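Residue numbers (the numbering used here): 149 to 447. Glycine is no exception: its CB is placed at the ideal position from the N, C-alpha and C atoms. None of these values were measured; they are calculated from a predicted model. Before any comments, here is the structure.
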Ligand SMILES: [Zn+2]
């Protein structure tokens, strides 16, 4: 059952604490406070992963927009109450039955992961200085999608770091990556029917996230990253993660037979193999050197 927060009455954009204070229902208030705390608590991990972010996290504000939305500017992130409701309303299946991983997480773990992923995405727009890049390249739709892809992938990697810290050694590295994939799948899967203006399609975004999870190094201090998937172990990990993704998608479809959309991992992978479809990787490759020179960051 979807959770309704229609009694949230704000008529403007307010600081996040003011937003939380405005929630009358104590259970809702606690749930939302938990989501916000979990999400913003990973800011130090985000800072570790990029340059140019101050020690103080961006100011977080909440708007009364009902659609799930987030945006950022220097020092400021604005999320909609619709995004919070969206994260709380996702109907996650039991992860143990879908992935056979004994994660032992509470009911708020994946909703919090979802908001964390969106929050991180916005932080990386700031930290990766995408606005500076946009001062120097033409903001055509393909370039914008490439920049969104960069923020997506950084957010995937930092959620993996957050899970490493959260689960310590209770789960294997393989299990951690699968859990991150699970969280990102649910974050994006039901955005399918919403208009996607600057982002790639949700199925493409999930495919890129899967590839990122295959190449992100277990240790953050490892300098060489197998971006080209040249190593057999990277390819084996990618195969395993894509099998997991297919299993998650199958479970989602079985549990949601009424959701009709053109979301299709198989079709998008086939298009990608044939060199058509989403080109955000190629467009990022075209601007990555410029990004690296402008920002001094690994691109
Ligand atoms: Zn974005």
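Three-state class that DSSP yields for residue 190 in the structure shown: Coil, per DSSP.
Cα-Cα separation, residue 166 to residue 276: 29 Å
Three-pair Cβ contact test at 8 Å for the stretch 245-252 versus the stretch 325-332: In this structure the stretch 245-252 lies against the stretch 325-332, because at least three pairs of beta carbons, one per stretch, are closer than 8 Å.
Under 8 Å between C-beta atoms of residue 306 and residue 190: Pairing residue 306 with residue 190 gives a Cβ-Cβ distance under 8 Å.
Distance cut 6 Å, beta-carbon to ligand 1 heavy atom: residue list by chain order: 269, 273, 296, 299
Cα-Cα separation, residue 341 to residue 403: With a pLDDT of 49 at residue 341, under the threshold of 50, the modelled position of that residue is not reliable, and the figure given next carries that caveat. Approximately 17 Å, taken between the alpha carbons.
Start-end ranges of the beta strand (DSSP E) lying completely within the stretch 198-274, minimum 3 residues: Annotation note: the stretch 198-274 contains the following uninterrupted beta strand (DSSP E) runs of length 3 or greater, listed N- to C-terminal: 207-211, 218-221, 224-228.
Collapsed DSSP secondary structure at residue 405 in the structure displayed: coil
Buried/exposed call for residue 359, threshold 16 Cβ in 10 Å: Counting Cβ neighbours within 10 Å, residue 359 comes out buried, since at least 16 surround it.
Beta-carbon gap between residue 281 and residue 183 smaller than 8 Å: no
Bridge-paired residues (DSSP) for residue 162: 210
Sequence-distant residues of the same chain with beta carbon closer than 7 Å to residue 336, five excluded per side: Its chain contains 350, 353, 354 as the residues whose beta carbon lies nearer than 7 Å to that of residue 336, once the 5 sequence neighbours on both sides are disregarded; these appear in chain order.
Residue span of the alpha helix (DSSP H) that contains residue 298, given as start and end: 289-315
Cβ neighbours of residue 326 in the same chain (closer than 6 Å, five flanking residues each side left out): 247, 392
C-beta contact flag for residue 218 and residue 231 at 8 Å: With respect to residue 231, residue 218 sits close: the two C-beta atoms are nearer than 8 Å.
Anticipated Cβ contact below 8 Å, residue 324 with residue 308, distance rounded: 7 Å
Test item: CB-CB of residue 229 and residue 211 under 8 Å: yes
Coarse secondary structure for residue 366, derived from DSSP in three states: coil
Neighbourhood of residue 368 by C-beta distance below 8 Å, restricted to the same chain and skipping five residues each side: 196, 197, 309
As assigned by DSSP and simplified to three states, the class of residue 437: helix
Local Cβ density within 10 Å of residue 154, reported as buried at 16 or more and exposed below that: The pLDDT assigned to residue 154 is 38, lower than 50, so where the model puts this residue is not dependable, and the model offers no usable value.
Beta-carbon contacts of residue 90 that lie in its chain and below 6 Å, excluding the five residues immediately before and after: Residue 90 lies beyond the residue range present for the chain, which begins at 149 and ends at 447; the question has no answer from this structure.
Range covered by the alpha helix (DSSP H) that runs through residue 459: Because the chain spans 149 through 447 in this model, residue 459 falls outside it and cannot be assessed.
Under the three-state DSSP convention, the category residue 426 falls into: Looking at residue 426 - three-state DSSP - the assignment turns out to be coil, as it is neither helix nor strand.
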